[in-house]
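Read the structure below first, then the notes.
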Amino acid sequence: MKIKEGLSNIVFPPRCPVCDEVIYVGKDTCEDCRKKVICIGEPSCKKCGKPLEDQRREYCTDCMRKKHYFSQGKAVFVYQGEIRQSMYRFKYSNKREYADFYAKEAVRIYGDWIRRKQIEAIVPVPMYRLKEKGRGYNQAAVFARTLGEKMNLPVEKRMVKRIRNTTPQKELNDVERKINLKKAFQLVPNIVKYRKILIVDDIYTTGSTIDAVAEVLLQAGVDEIYFLCISIGEGF
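Using the UniProt record's numbering, read the sequence shown as starting at 1 and increasing by one per residue.
This is the structure in C-alpha cells:
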C-alpha cells in the first residue's frame, strides 16, 4: 500500500489547494499560501457570518434589511485573492481534491459549533440535473461528502432537488435573485426525518440560494436550519 502511495505521489504529486503548485507530501498547503489565506474572524455578522469592519455592529446590512429562513450560518474563508482563484478551480476545473483542505479547515474552525447545534444531517445545495451532468459533479456535494466524513454526519444529497435551471446568481441583483430561485427547489417525498440540518454550499453572497433551500426544508417540518459555506464576501 505504501509503495502504491509513493508511486502515486511521484506520478501525481500533491498540489496546494490554494495556488495549485506542487507541495511536499503531508502538507495541506504551501507555506506562502497559508499566510495569505484569510479565515473568517471577529467581528462577524451574528446571522450569516460575514466579516464586519465595525466591532460595534452585530449584523451586516443584508441581514438587517431582509428576513432569512435559516437560524445562523458560517463560512470558512473570505472570498478574495488566492481563495477566489482556488474556488474557481474547485468549481470549474475538476479540482475536487481541494475539498479535503476546505473541510479540514471547516472542522478546525467550526467543528465545535456544528456539534453544539446538534446537527443531524448535511444537505448540499443541489445543482440542476443537466447542469451537474455537464460539469460532471456538484462542488457543494463534494464538499458536503468530505465534511460529513470528518464530522461523522450523514449527507443527504437527494433530500432536495433543483427542478429549474436558474440563471447564475452572480449575474443578478438581490430582487432578481429571489425571483430567479422561486420554486427552483423541491423536497423529495418521504425522506425528511431530521430536526436540525446543515446546508452547505461553496460561496455565500446574499443568502438567496440558502434561503430558498431552507424554506423548502422548513415547510417539510425541519425545526432548525444552519449553513456552512466554504467562502463568503465581506459585509458592510
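Think of the CB as a built atom: it goes at the ideal place given N, C-alpha and C, for glycine as much as any other residue. This structure is a prediction, so every number in the text was calculated from the model and none was measured.
Proximity to residue i [Cα-Cα], best of the options
{"i": "LEU218", "options": "LYS196, LYS36 and ASP201", "result": "LYS196"}
{"i": "GLN80", "options": "CYS39, ARG57 and LYS91", "result": "CYS39"}
{"i": "TYR194", "options": "VAL123, GLU97 and CYS45", "result": "VAL123"}
{"i": "ASP202", "options": "ASN152, ILE163, GLN85 and PHE185", "result": "GLN85"}
{"i": "ARG89", "options": "ARG145, LEU228, GLU224 and VAL18", "result": "VAL18"}
{"i": "ARG135", "options": "ARG108, PRO154, ALA99 and SER93", "result": "SER93"}
{"i": "SER44", "options": "CYS60, VAL222 and CYS30", "result": "CYS60"}
{"i": "ARG129", "options": "THR146, LYS183 and ILE163", "result": "ILE163"}
{"i": "LYS95", "options": "GLU21, ILE225, ASP32 and ALA220", "result": "GLU21"}
{"i": "ARG56", "options": "GLU42, MET87 and ARG116", "result": "GLU42"}
Distance CB(residue i)-CB(residue j) smaller than 8 Å
{"i": "ILE232", "j": "ALA103", "result": "no"}
{"i": "PHE185", "j": "LYS161", "result": "yes"}
{"i": "LYS36", "j": "GLU82", "result": "yes"}
{"i": "GLU234", "j": "LYS47", "result": "no"}
{"i": "ASP78", "j": "ALA140", "result": "The question names Asp, but residue 78 in the sequence shown is Val. Result no, Cβ atoms of VAL78 and ALA140 do not sit closer than 8 Å."}
{"i": "VAL222", "j": "VAL188", "result": "no"}
{"i": "ALA214", "j": "TYR69", "result": "yes"}
{"i": "SER71", "j": "ILE230", "result": "no"}
{"i": "ALA106", "j": "LEU147", "result": "yes"}
Contact belief for residue i with residue j at Cβ below 8 Å, rounded distance in angstroms
{"i": "THR205", "j": "LEU181", "result": "Incorrect: roughly 12 Å between the Cβ atoms, too far for contact."}
{"i": "ASN138", "j": "PRO126", "result": "7 Å"}
For residue i: DSSP bridge partner residues
{"i": "SER44", "result": "PRO51"}
{"i": "CYS39", "result": "PHE77"}
{"i": "ARG15", "result": "VAL22"}
{"i": "LYS161", "result": "GLN186"}
{"i": "SER86", "result": "Answer is none; SER86 lacks a bridge partner."}
Interface flag, residue i vs chain B, CB-CB below 8 Å
{"i": "GLU215", "result": "The chain inventory of the structure shown lacks chain B, comprising one protein chain alone."}
Fill in: Residue ranges of each beta strand (DSSP E) within the UniProt domain "Phosphoribosyltransferase" (178-229), 3 or longer
Runs found: 185-187 and 196-204.
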